[in-house]
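The structure appears below as structure tokens.
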Amino acid sequence: MGVTGVLFYFDGKFVQLIEGKEANVKLLHEKLCRDERHNDLQLHKEGELKKRLFPNWSMAFKPIAIENIKGVHGFNDMTLPNAVNIDSVMTLYRALGK
């Protein structure tokens, strides 16, 4: 599908940043929403990027111990609207040493 991004897993939750052509990203999002293995999907942000953040990864996966993300802006309470955003994902990505 030509999408790239990163998938974080922690505390029984996933946070995923998906990038690519808008139509492909929306198609993938719709597919994920229909997948019975997923529940409580929340779209936190969508928009246009000037360039891809993960151009060489089809989808990076990073499991994280919850104690490693305490205090990282945006990850304090996953139930809040807009608790996760591109800045918080990138902060986490950098904090974990890529």
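Last residue of the sequence shown: 98 (full-length UniProt numbering), numbering continuous. A virtual CB, placed ideally from N, CA and C, is assigned to each residue, including glycine.
Every unbroken stretch of the alpha helix (DSSP H) spanning 4 or more residues and falling wholly within the UniProt domain "BLUF" (1 to 60) is given here in chain order: 22 to 34. Residue burial annotation: Gly2 is exposed, with fewer than 16 other C-beta atoms found within 10 angstroms of its C-beta. Ser58 counts as exposed, since fewer than 16 other C-beta atoms from the protein chains shown sit within 10 angstroms of its C-beta. Its chain contains Gly2 as the residues whose beta carbon lies nearer than 7 Å to that of Lys21, once the 5 sequence neighbours on both sides are disregarded; these appear in chain order. Classified as exposed, Phe61 has fewer than 16 neighbouring CB atoms from the shown chains inside 10 Å of its CB. The C-alpha of Leu27 is placed about 17 Å away from the C-alpha of Arg37. Ala65 has its alpha-carbon roughly 12 Å from the corresponding atom of Leu92. Phe8 sits buried, since 16 or more C-beta atoms from the chains shown fall within 10 Å of its C-beta. Counting every other CB atom within 10 Å of its CB across the protein chains shown gives Leu43 a total below 16, marking it as exposed.
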